[in-house]
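Numbering (the UniProt record's numbering), first residue to last: 1 to 412. Ideal Cβ placement from N, Cα and C applies to all residues, glycine included. Read through the structure below, which is laid out as structure tokens, and then see the notes.
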Amino acid sequence: MKIDRPPATLLLGHFPRIVVPVARCLSGKGIPVYGACFSGEGASIKTKALEGYLTLEHPDDSLDAFCESLLGAVDRYGIDTVVPVGDGALSALAACDDVLGERILRMYPDKERARSVLDKSGTLAVAERLGVPMPRTLYIRADEEPESWIENLHFPVVVKPSDRGRPSPVRIRYFNRHSELQDFLNAHSAWGTEWMVQEYVPGSGVGVEVLMDRGRPVTIFQHRRLKELPRSGGVAVRCVSERPDPVLRSYAVELLKALEWQGLAMVEMRYDAASGRAALMEINGRCWGSIGLPIQCGVAFPYYAWQLLHGKEPEIPDSYPVGQRMRWLGGDLRRLPELFSGVTQGEVSLASAAKDVGTFGADFVNSTRDALWAWRDVQPAWQNLSTSSALVARQVGRKALKVFASKRPGSA
């Protein structure tokens, strides 16, 4: 007896640490999954969980051409659900909202809500209205006179593009002095980017991950970052599952309710356990970078969201394992040059570096699970490790050339 397969799902975005776990989660439930990226983004992601990998027109070249290529793929491969796995993909899909119409089911927010989270100022405005704590924040442009804002800053600060949906040469940077920040703004003035400058909040990055449906949280998961890339704060490289903190959970749910959110979201907070201080960083309105951890813990966020889109009620586990660790090896490897540079510049102690490197080695043999490795599907892990190794080799090579050049006779 032939069993009809459901229509296919398309994962849009070139982020293996997100695409691979989500594809495995959905394909494991019998859902055909395709991956796709924009033209020029890189090599196809290799995994048995994908039935194929497509290249779509880049929306920065032509939004109309992107929409047309997406709809062509929808028709050709029998796709009914589209899932963005990066902010660029979310921004492009939101911009095509009117064209896509009823042709697809969206595992992402509508245009209005997508803009509210891609533009960080919109997120923080809602948080301020609700009384959700957040870091002191300024918005500046590189062409502004420094006197208009520099006296209001307290260092160290974190700098990010205020609009995550726009192309930007930088995702996140940290600065300890006014001069460093001004040099950075001058160097990037041609981009015309508005930068969000926030006071640095000590503590750990905590993600409160929620699936919302008609104003109610269907399930909630929490993780804490143990290592980040860059080292001072960024994407999760090593993280651990935690029991949802009642206060952080309340902040996350109230924010999403105020936004009338439907579907998946990860509310990122900074939390200092010593002082009990929490601060909102941002909301990821699509599948997030550490989504492999809840999936490994039995909380199948992508499948639950798929079920809701198809009119089914998901069966949610009552609990999940607390203390389960996950490591993205490629990202952990890419941290090492920055770590060693920090030691040579006196920014990182030898003891701290030794502990970091020790953890790097121990995670090969302890209970920490890899974000990509699976015995039945080894290609994604090897591919990502190869890419990361090549990147690190180039970084080390450039550094070695600079050191060699500085020591040549007659060099200044």
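So, is residue i buried or exposed, given that buried needs 16 or more other C-beta atoms within 10 angstroms?
i           : result
residue 432 : Lying outside 1 to 412, the shown extent of the chain, residue 432 is not represented and no answer is given.
P84         : buried
G234        : buried
R76         : exposed
N384        : buried
S189        : exposed
E102        : exposed
E112        : exposed
L264        : buried
D87         : buried
K402        : exposed
residue 414 : The structure shown does not extend to residue 414, since the chain is modelled only from 1 to 412, so the question has no answer here.
F15         : buried
P246        : exposed
D4          : exposed
S322        : The question names Ser, but residue 322 in the sequence shown is Val. Its Cβ having fewer than 16 others within 10 Å, V322 is exposed.
Quick one: Cα of residue i to Cα of residue j, how far?
i    : j    : result
V206 : L26  : 26 Å
F155 : V357 : 29 Å
R327 : S388 : 14 Å
V343 : S349 : 6 Å
I291 : S39  : 25 Å
T137 : M196 : 7 Å
P302 : N186 : 42 Å
P294 : L153 : 37 Å
V237 : V396 : 20 Å
K160 : L124 : 14 Å
K312 : L391 : 43 Å
R394 : F340 : 15 Å
C37  : G13  : 5 Å
E254 : F175 : 32 Å
V267 : W261 : 12 Å
K29  : A400 : 49 Å
M269 : H310 : 31 Å
R129 : S116 : 14 Å
A351 : A92  : 45 Å
L336 : S386 : 15 Å
So residue i and residue j are supposed to be a Cβ contact under 8 Å. How far apart are they, rounded?
i           : j    : result
Y53         : S44  : 4 Å
A114        : A94  : 4 Å
I316        : V208 : That belief does not hold up - the Cβ atoms of I316 and V208 are roughly 16 Å apart, past 8 Å.
E180        : P135 : Not quite, the Cβ-Cβ distance comes to about 19 Å (not below 8 Å), so this is no contact.
A362        : D370 : No, A362 and D370 are not in contact; Cβ-Cβ is about 13 Å, not under 8 Å.
Y251        : L280 : 7 Å
A23         : L50  : 5 Å
F360        : D318 : Not really, about 35 Å apart at Cβ, beyond 8 Å.
R334        : L229 : 6 Å
R225        : C239 : 5 Å
residue 436 : I140 : Not covered by the structure: residue 436. The range shown for the chain is 1 to 412.
G203        : A273 : 7 Å
CB-CB under 8 Å to residue i, same chain, minus the five flanking residues each way: which ones, in chain order?
i    : result
A354 : none
In terms of DSSP beta bridges, what is residue i paired with?
i    : result
P84  : L12
I79  : A8
N284 : M266
A279 : R270
H223 : G207 and S241
F175 : V157
G52  : Y34
L229 : V235
L138 : V197
Just to confirm, does residue i get its C-beta within under 7 Å of one of the non-hydrogen atoms of the ligand NAD?
i    : result
T387 : As presented, the structure is devoid of all ligands, the ligand NAD included, so that no description of it is given.
Going by beta carbon distance, what residues of the same chain come within less than 6 Å of residue i, once the five residues before and after it are set aside?
i    : result
K48  : D377
P314 : Y304 and Q307
P244 : I220 and Q222
R286 : P84, L90 and Y108
Here's a check: name, in chain order, each residue in its chain whose Cβ is nearer than 7 Å to the Cβ of residue i, leaving out the five neighbours to either side.
i    : result
V99  : C67
G257 : Going by the sequence as given, residue 257 is Lys instead of Gly. Around K257: G215.
S69  : L56 and E57
Report yes or no: is there a C-beta of chain C within less than 8 Å of the C-beta of residue i?
i   : result
D80 : This model lacks chain C altogether; it includes just one protein chain.
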